[in-house]
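Numbering (the working numbering), first residue to last: 137 to 407.
Cβ atoms here follow ideal geometry from the backbone N, Cα and C, with glycine treated the same way.
Keep in mind the model is a prediction, meaning the values are calculated, not measured.
Structure first, then comments.
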Ligand SMILES: [Zn+2]
C-alpha cells in the first residue's frame with residue numbers, strides 16, 4: 137500500500153482515471169437536464185442553496201449541472217473540494233471550510249462565494265474509477281446526517297447509471313452510422329464493378345468483330361472490311377473480307393464459314 141501512495145503512483149492513477157473520464161464523452165457535452173434534476177434533488181435533501189454535479193478533468197472541474205451558481209461552468213482543480221473528493225472512495229465532507237486545513241486556501245472559500253460547507257459523493261464507474269462528484273455547498277457551516285449522506289451516494293449512483301446509458305446510446309448511434317457508411321461503400325464498389333464489367337464486355341464485343349479483314353497475312357494488311365467469320369477444325373477462327381474468306385474456303389481443307397455466335401470448334405460441331 138505504501139508504494140502506491142507516491143506522487144508518481146498517484147499521477148499514474150490519475151492518468152488512468154482521466155482516460156476513463158474521456159471514455160464517457162461527457163466533458164463539455166450539451167446538458168440534457170438529467171444532471172440538473174439530480175443537483176436540484178441534492179440541494180433539496182441537504183437544504184443547501186447550491187448543489188453541483190461535476191466531472192474532474194486534468195486541469196479543471198467541469199460542471200455537468202450547477203444548481204444555485206448561475207453562469208459557472210467550471211472551476212480549477214485546487215485541492216480541498218472536488219479535486220480531493222474524487223481521490224477517495226467515501227463521502228467527502230467539509231463541515232466548516234473556514235477552519236478546515238484542507239480547504240482554508242481554496243479560492244471558493246477565500247473568494248466571493250465564501251464557501252463554508254461542502255459534502256460530495258464520488259461518481260464511480262463499475263470498474264472503480266471516480267469520474268467526479270455530486271456535491272452540495274453552503275455559505276454557512278453545516279452538519280450532515282447519515283440519511284443525507286446515503287441519499288447523496290445514491291444520487292451519485294444515478295448519475296453513473298445515466299452516464300452508462302448515455303454512452304451506450306452514443307455507441308449505438310455510432311455503430312448504426314458506420315453500418316450505413318459501410319453499406320454505402322459496398323453499393324458504390326458494386327456500381328464501379330458493374331461499370332468495369334460493362335466496359336470490358338463492350339471492349340470484348342468490339343474485339344470479337346474487327347473492322348478490317350484479318351486474313352491478309354502478317355505483312356500484307358488487307359484493309360477491306362471484315363464481313364465473314366471463318367474457322368477450322370482446330371477451333372481457330374478469324375474474320376475476313378469476302379475475297380480472302382472465299383480463298384481460304386476453297387484452298388484450305390477443313391476451313392468453314394463459322395456462325396457468328398458459334399466460334400471455332402463449336403461452330404464446326406454444329407454443322
Ligand atoms: Zn481480306
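Is it buried or exposed for residue 361, if we count other Cβ within 10 angstroms and need 16 for buried?
Exposed, by the Cβ-count rule.
Going by alpha carbons, who is nearest to residue 283 out of 170, 317 and 181?
For residue 283, the nearest C-alpha among the options comes from 181.
Where DSSP assigns a beta bridge to residue 266, which residues make up the other side?
Paired residues: 260.
Given a cut-off of 7 Å, decide if residue 187 and residue 175 are closer than it, judged by their beta-carbon atoms.
It is a contact, given that the beta carbons lie within the stated cut-off.
Which residues have a Cβ closer than 7 Å to any heavy atom of ligand 1, listed in chain order?
Every residue passing the under-7 Å Cβ criterion appears here: 349, 351, 352, 358, 360, 376, 377, 379 and 380.
Would residue 350 pass as a contact of residue 376 if the rule is Cβ separation under 7 Å?
Yes, the Cβ-Cβ distance between residue 350 and residue 376 is below 7 Å.
With a threshold of 6 Å, establish whether the CB of residue 304 neighbours any heavy atom of ligand 3.
Of the ligands one can find in the structure shown, namely ligand 1, none is ligand 3.
Compare the Cα-Cα distances from residue 199 to each of 151, 267 and 251 and report the closest residue.
The shortest Cα separation from residue 199 among 151, 267 and 251 belongs to 267.
Near residue 138, which residues of its chain fall below 7 Å by C-beta distance, leaving aside the five closest residues on each side in sequence?
Here residue 138 scores only 43 on pLDDT, less than 50, and its place in the model should not be relied on; the value that follows carries that caveat. Excluding residues within five positions, none has a Cβ falling inside 7 Å.
Mind listing, in chain order, the continuous alpha helix (DSSP H) runs of no fewer than 4 residues lying wholly within the segment 268–356?
Those alpha helix (DSSP H) runs which fall completely within the segment 268–356 and span 4+ residues are 282–344.
Please list, in chain order, all residues of the same chain as residue 202 whose beta carbon is under 6 Å from its beta carbon, the five residues on each side excluded.
Excluding residues within five positions, the ones whose Cβ falls inside 6 Å are 188 and 208.
Mapping the DSSP letters down to three states, classify residue 392 as helix, strand or coil.
Reduced to three states, the DSSP call for residue 392 is strand.
Smallest Cα separation from residue 469: which of 220, 364 and 388?
Shown here, the chain extends from 137 to 407; a query on residue 469 therefore has no answer.
In its own chain, which residues sit with a C-beta less than 6 Å from the C-beta of residue 244, not counting the 5 before and 5 after it?
Here the set comprises 251.
Measure the Cβ-Cβ separation of residue 257 and residue 227 and say whether it is below 7 Å.
For residue 257 and residue 227, yes; Cβs fall inside 7 Å.
State the Cα-Cα distance for the pair residue 321 and residue 313, rounded to the nearest angstrom.
Cα to Cα, residue 321 sits roughly 12 Å from residue 313.
Name the two residues that bound the continuous beta strand (DSSP E) containing residue 194.
Segment: none, residue 194 is in no beta strand (DSSP E) and carries neither H nor E.
Compute the Euclidean distance between the alpha carbons of residue 274 and residue 185, then round it to the nearest angstrom.
Approximately 6 Å between the Cα atoms of the pair.
Quick check: what's the CA-CA separation for residue 179 versus residue 325?
So the two alpha carbons sit approximately 58 Å from each other.
Tell me, to the nearest whole angstrom, how far the beta carbon of residue 254 is from that of residue 230; I am working on the premise that it is less than 8 Å.
The Cβ separation is near 4 Å, so the contact holds.
If you reduce the DSSP assignment to three classes, tell me which class residue 187 lands in.
In the structure shown, residue 187 sits in a strand (DSSP, three-state: E or B).
Go to residue 174, then tell me how far its alpha helix (DSSP H) extends in each direction, as first and last residue.
Residues 170–182.
In the structure shown, what three-state DSSP assignment does residue 201 receive?
Strand, per DSSP.
Pick helix, strand or coil for residue 409, following the three-state DSSP scheme.
One cannot answer for residue 409 here, as it falls past the ends of the chain, which runs 137 to 407.
Do you know whose CA, among 301, 272 and 302, lies nearest residue 288's CA?
Closest by alpha carbon: 272.
Determine the closest residue to residue 262 out of 156, 151 and 371, with distance taken between C-alpha atoms.
When each option's Cα is compared against that of residue 262, the closest is 156.
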